[in-house]
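Asks: Residue numbers (the UniProt record's numbering): 1 to 266. Built from N, CA and C at the ideal position, the CB exists for glycine as well. On a predicted model such as this, the values are computed, not experimentally measured, just so you know. One structure, as structure tokens, below. Some questions next.
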């Protein structure tokens, strides 16, 4: 499709305007992390590295990062196993209710976070009688992280088809051997991309975490929320926010490169 000159100019202006609206606030946060002001005033009266030093020396911030990483890794591993199994079941087998199951698997990512959080909070505390802890946070995160792995895996399975798997079975290979030598190598990059996206999604989740974390569980987003309006904490929060942006960008960038390289090969 070819666009006229006026359409291209309009599209370029709209694109630049959207990017400015999205990224200028992030730039302001970055600059404020080096500001000498303790109230995030603009423009900054001066620049310093003091807040970066204090942020990395803050035991609360370090502990929050460690908790977020633990939750994200555990939720990602659960999502990898369940998301892969679900994608294989829904793509390789035909059974009654398959479309309904497919919808139920994808639904958690579409639901508002506050609805998911309230529902899981009631489920853990009222129905199951389980006290809120880091494990309830992991389970809660896995419910929506599964979708990213599932979507990547099922899309790859649809593109690859079943020819190689059928050939492997015709040559006498069992189900596990076929999966290990044929199916998994084709899924590997898609699963890695899905896992990276799941990690990034879990790492910065706050709404569902707020409803499912116990009193002693503080992830990095919750730490930021708790300290945002405390005296002299705003610059440190800006530092942590910048670190979170970087940590979130890296897996997303790698996942995008993996998906792009696969499309180029094909």
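1) Between residue 179 and residue 72, which are expected to be in contact by the criterion C-beta below 8 Å, what is the C-beta distance as a whole number of angstroms?
2) Taking the alpha helix (DSSP H) that residue 275 falls in, what are its first and last residues?
3) Starting from residue 125, trace the alpha helix (DSSP H) both ways and give me its first and last residue.
4) CB-CB under 7 Å to residue 130, same chain, minus the five flanking residues each way: which ones, in chain order?
5) Can you check whether the CB of residue 236 is closer than 8 Å to the CB of residue 79?
6) Would you call the region 25–39 and the region 198–218 touching, i.e. three or more CB-CB distances under 8 Å?
7) Would you call residue 185 buried or exposed, if buried means 16 or more other Cβ atoms sit within 10 Å of its Cβ?
8) Here's a check: name, in chain order, each residue in its chain whose Cβ is nearer than 8 Å to the Cβ of residue 162, leaving out the five neighbours to either side.
9) Identify which residue in 177, 88, 104, 49 has its Cα closest to the Cα of residue 238.
10) Going by the DSSP bridge assignment, what does residue 47 pair with across the sheet?
11) In angstroms, rounded to a whole number, what distance separates the CA positions of residue 82 and residue 13?
12) So the candidates are 67, 46, 245; which of them puts its Cα closest to the Cα of residue 134?
13) Would residue 209 and residue 222 qualify as a contact pair, given that the criterion is a beta-carbon distance under 8 Å?
14) In whole angstroms, what is the alpha-carbon distance linking residue 47 and residue 65?
15) Should residue 96 go down as buried or exposed, given a rule of 16 or more other Cβ atoms within 10 Å for buried?
16) Buried or exposed, going by whether 16 or more other CB atoms sit within 10 Å of the CB of residue 291?
17) Just verifying my parser: in three-state terms, what is the DSSP assignment at residue 42?
18) Beta-carbon within less than 7 Å of residue 204's beta-carbon, same chain only, minus the 5 sequence neighbours each way: which residues are those?
19) Apart from the five residues just before and just after residue 146, which ones in its own chain have a Cβ nearer than 6 Å to its Cβ?
20) Write down the C-beta distance between residue 150 and residue 116 rounded to the nearest angstrom, noting that I regard them as a contact closer than 8 Å.
21) Of the choices 252, 197, 207, whose alpha-carbon is the least far from that of residue 75?
Replies: Based on what the coordinates show:
1) The sequence position of residue 179 within the chain shown is 179, counting from 1. The sequence position of residue 72 within the chain shown is 72, counting from 1. Not a contact, Cβ separation roughly 27 Å.
2) One cannot answer for residue 275 here, as it falls past the ends of the chain, which runs 1 to 266.
3) If you number the chain shown from 1, residue 125 lands on position 125. Neither: residue 125 is in no alpha helix (DSSP H) and is coded neither H nor E.
4) Against the chain shown, residue 130 aligns to sequence position 130. Counting only Cβ-Cβ distances below 7 Å, and skipping sequence neighbours, we find 124, 136.
5) For the purposes of this step, residue 79 is identified with residue 79 of the chain shown, where counting begins at 1. For the purposes of this step, residue 236 is identified with residue 236 of the chain shown, where counting begins at 1. No, they are not a contact pair.
6) no
7) Residue 185 sits at position 185 when you count from the first residue of the chain shown. So residue 185 ends up on the exposed side.
8) Along the chain shown, read from residue 1 onward, the residue named residue 162 stands at position 162. For residue 162, where only same-chain residues beyond five positions count, the Cβ hits under 8 Å are 92.
9) Here residue 238 is taken as the residue at index 238 of the chain shown, counted from 1. The candidate whose alpha carbon is nearest that of residue 238 is 49.
10) Counting from 1 along the chain shown, the entry for residue 47 is found at position 47. DSSP lists 35 as partners of residue 47.
11) Against the chain shown, residue 82 aligns to sequence position 82. Against the chain shown, residue 13 aligns to sequence position 13. Going from the Cα of residue 82 to the Cα of residue 13 covers about 43 Å.
12) As a position in the chain shown, residue 134 is number 134, starting the count at 1. The residue with the shortest Cα to Cα distance from residue 134 is 67.
13) Counted from its first residue, the chain shown places residue 209 at position 209. Counted from its first residue, the chain shown places residue 222 at position 222. Their beta carbons are under 8 Å apart, which means residue 209 touches residue 222 by this criterion.
14) Stepping through the chain shown from its first residue, residue 47 is reached at position 47. Stepping through the chain shown from its first residue, residue 65 is reached at position 65. Going by the C-alpha atoms only, they are around 25 Å apart.
15) Working through the chain shown from its first residue, we reach residue 96 at position 96. Burial call: exposed.
16) It is not possible to answer for residue 291, since the shown part of the chain is limited to 1 through 266.
17) For this step, residue 42 is matched to residue 42 along the chain shown. In the structure shown, residue 42 sits in coil (DSSP, three-state: anything other than H, G, I, E or B).
18) As a working mapping, residue 204 is identified with position 204 in the chain shown. These residues qualify, in order along the chain: 221, 244, 248.
19) Taking the first residue of the chain shown as 1, we reach residue 146 at position 146. If we look at residue 146 and ignore the five residues flanking it on each side, its Cβ neighbours are 79, 82, 83.
20) In the chain shown, the residue the question calls residue 150 occupies position 150. In the chain shown, the residue the question calls residue 116 occupies position 116. With a Cβ gap of about 16 Å, residue 150 and residue 116 do not count as contacting.
21) Position 75 of the chain shown, counted from the start, is the residue given in the question as residue 75. Answer by Cα proximity: 197.
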